[in-house]
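Below you'll find the structure, written out as structure tokens, and then a few comments.
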Amino acid sequence: MVRQSILHNGIRVVTEHLPGYHSVAIGLWVMFGSRHELAEERGVSHLLEHMLFKGTERRSAADIASEIDAVGGSLNAFTAREFSCFHARVLNEDLPLAVDLLTDMFCHPRFDEDELRKEQGVVLQEIARLQDTPEDYIHELFSRTLWGYHPLGCSSSGEPDVLAGVTGDRLRTYMAEHFIGSRLLVCAAGDVEHDDLVELIGSKLADLSEGSPIVNEAPPAATRRLDVTERASDHVHLCLGVRAVSQDDPDRFTQYMLDTILGASMSSRLFQAIRERHGLAYSIYSYPTCYADAGAEVVYCGCASSHLQAAAEVILEQFRQLVDNEVSEDEVSHAYHQIRGKLLLSLENISNRMSRLAKGMIYLGKPPIIDEVLEKFAAVDSGQLRQFAARIFADDRLNLHLLGSPPPEGLDFDRIRIHNQAGGRAS
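With the first letter of the sequence shown counted as 1, position 388 gets the number 418 in my numbering; the numbers rise by one all the way through.
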């Protein structure tokens, strides 16, 4: 059963009571992420995430780690483009400890300058490691290609020049401005009593100011763009994709079905064509990205430079097939049952349940009802899939980013088309 409460300062507390579980997953979700940072703040949310673990007014960093370890629990955090999350998982009897730790970190961080200097170095190493891992870094680069200089195109990790200049006082000001009641969602799932958690949160966060909800800057119009980041290598990594739909768009169910057919698994069209039939690449997959007001459908491929043009053309052929032909009923059924199985299996993990609950509240303003979600997926048919493919797979919306060393002849971007100028099939 899901219950909701709103505290006097705008904090929302949402719980899903699950009889039979012995643990609780809890998250403090702050509706402020990297897309909300100003240019001079790029990466402050990420650095702040790290620093909240480095000690409070009454606990050292070692104390925080020791207390959660002493009960066999876990405590972690992450920063995304539209929110930051500080979360824990503990036995139900240890929920008061988890709440005390999270709210102590949230309300009474120490921000010791020596610790800050060390953690700035750690974050800069994290950024450098990402840039040294091309199969991960390409996705950051592609975001810039797809969204341009809009905040969605900026890395949530941050900019080294900005991070190096952050002080403890700047972090305190930043928290006071953005970590406020109207932007805070507390979600818990498992063996949790709603009223008890509301009382705990109310007592720990009573002094948090309410403030005002965040407003998103609208993304720019979709364009066609090719970018190349050259790096000495015999291989290239590419992302090829288009704008798609937002988290609250009814067609998001169609997009997830289409993505499952296109490249979400080893039985998908892209994997079978690129890897199995043509042997052009070891790694090939697709994924959807959905934000509050925008989204994308992206294909990643890592291949030898000599296979680049051929791989790109096979990917485009798969786009073309989805636009020109209806998907068979057997393939639609296969995709639905794949999604259904993954979704139901994910609910066996209590942390996944907490996360799904939170994202439903963030993007839709209500908890997701699994049976309703599955009904939406089951209602998607071949005609809807073809219409959706035609809507997003347009030549003037194609974006591509290459990382590596293109072959001497390069990549002919004029041939990166789903259809020719007259509207027919590309040759």
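All C-beta atoms, glycine included, are put in the ideal place defined by N, C-alpha and C.
For residue i, the three-state DSSP class (helix, strand or coil)
{"i": "C184", "result": "coil"}
{"i": "L238", "result": "coil"}
{"i": "Y330", "result": "strand"}
{"i": "A420", "result": "helix"}
{"i": "E441", "result": "Checking the sequence shown, residue 441 turns out to be Leu, not Glu. The answer is coil: DSSP assigns L441 none of H, G, I, E or B."}
{"i": "V222", "result": "coil"}
{"i": "S466", "result": "Nothing can be reported for residue 466: it is not among the residues displayed for the chain, which extend from 31 to 457."}
{"i": "Y315", "result": "strand"}
{"i": "G371", "result": "helix"}
{"i": "G198", "result": "helix"}
{"i": "N106", "result": "strand"}
{"i": "V275", "result": "coil"}
{"i": "A158", "result": "helix"}
{"i": "N122", "result": "helix"}
{"i": "N382", "result": "helix"}
{"i": "T163", "result": "coil"}
{"i": "R33", "result": "strand"}
Same chain, Cβ closer than 6 Å to residue i, neighbours up to 5 away in sequence not counted
{"i": "H208", "result": "F62"}
{"i": "I157", "result": "S187"}
{"i": "L268", "result": "C331 and L432"}
{"i": "T259", "result": "L171 and L433"}
{"i": "L352", "result": "A419"}
{"i": "V362", "result": "S412"}
Spatial distance of residue i from residue j (CA atoms)
{"i": "I399", "j": "M287", "result": "18 Å"}
{"i": "N379", "j": "V43", "result": "21 Å"}
{"i": "V32", "j": "L375", "result": "20 Å"}
{"i": "L292", "j": "S316", "result": "7 Å"}
{"i": "F141", "j": "H80", "result": "10 Å"}
{"i": "P190", "j": "H364", "result": "45 Å"}
{"i": "L430", "j": "S385", "result": "31 Å"}
{"i": "A69", "j": "A388", "result": "28 Å"}
{"i": "S457", "j": "S297", "result": "Here the model assigns S457 a pLDDT of 33, short of 50, so the residue's position is not dependable, and the following value carries that caveat. Cα to Cα, S457 sits roughly 27 Å from S297."}
{"i": "Q414", "j": "D99", "result": "50 Å"}
{"i": "L230", "j": "D124", "result": "13 Å"}
{"i": "K406", "j": "V272", "result": "23 Å"}
{"i": "G371", "j": "R383", "result": "15 Å"}
{"i": "E240", "j": "D130", "result": "20 Å"}
{"i": "V357", "j": "Q348", "result": "12 Å"}
{"i": "S185", "j": "P438", "result": "30 Å"}
{"i": "L58", "j": "H224", "result": "15 Å"}
{"i": "R421", "j": "T163", "result": "33 Å"}
{"i": "P181", "j": "H169", "result": "15 Å"}
{"i": "P249", "j": "R213", "result": "21 Å"}
{"i": "V54", "j": "D354", "result": "48 Å"}
{"i": "A424", "j": "R445", "result": "14 Å"}
Close Cβ partners of residue i (< 8 Å) along its chain, the five nearest in sequence each way excluded
{"i": "M205", "result": "L78 and P139"}
{"i": "A262", "result": "S435"}
{"i": "F301", "result": "G293, S295, I314 and Y315"}
{"i": "G198", "result": "F141, D142, E143 and L146"}
{"i": "A91", "result": "F83, K84, G85 and E145"}
Residue i, buried or exposed, once every other Cβ within 10 Å from all chains shown has been counted against 16
{"i": "E402", "result": "exposed"}
{"i": "V245", "result": "exposed"}
{"i": "Q155", "result": "exposed"}
{"i": "I36", "result": "exposed"}
{"i": "N464", "result": "Lying outside 31 to 457, the shown extent of the chain, residue 464 is not represented and no answer is given."}
{"i": "T284", "result": "buried"}
{"i": "F108", "result": "exposed"}
{"i": "S75", "result": "buried"}
{"i": "H66", "result": "buried"}
{"i": "E112", "result": "buried"}
{"i": "L394", "result": "exposed"}
{"i": "Q451", "result": "Its pLDDT being 45, under 50, Q451 is placed unreliably by the model, and the measurement read from it follows with that caveat. The residue in question, Q451, is exposed, as its Cβ has fewer than 16 Cβ neighbours within 10 Å."}
{"i": "S196", "result": "One point to set straight first is that residue 196 is Val, not Ser, in the sequence displayed. Per the 10 Å Cβ criterion, buried."}
{"i": "D226", "result": "exposed"}
{"i": "G440", "result": "exposed"}
{"i": "T133", "result": "buried"}
{"i": "T203", "result": "exposed"}
{"i": "P397", "result": "buried"}
Residues near residue i in its chain [Cβ-Cβ closer than 7 Å; skip 5 each side]
{"i": "N106", "result": "H117"}
{"i": "A341", "result": "I304, L310, A311, C331 and C333"}
{"i": "T319", "result": "G325, A326 and V328"}
{"i": "A408", "result": "Y366"}
{"i": "R455", "result": "Confidence at R455 is low in this model, with a pLDDT of 41, below 50, so the placement of that residue is unreliable and no value is reported for it."}
{"i": "L193", "result": "G73, L77, Q150, V153 and L154"}
{"i": "V228", "result": "S35 and V43"}
{"i": "D426", "result": "R254"}
{"i": "V101", "result": "V120, L121, D124 and L127"}
{"i": "D166", "result": "L160"}
{"i": "S381", "result": "A55 and R119"}
Heavy atom of the ligand FMN within 7 Å of residue i beta-carbon
{"i": "L404", "result": "What this structure holds is no ligand at all, so the ligand FMN is not there to describe."}
Mind the definition here: the stretch 85-101 touches the stretch 136-143 only if three or more C-beta pairs lie below 8 Å; say whether that holds.
-> Segments in contact, yes.
Contact the stretch 44-55 vs the stretch 213-229: 3+ CB pairs below 8 Å | In short, these stretches touch, since the Cβ pair count reaches three.
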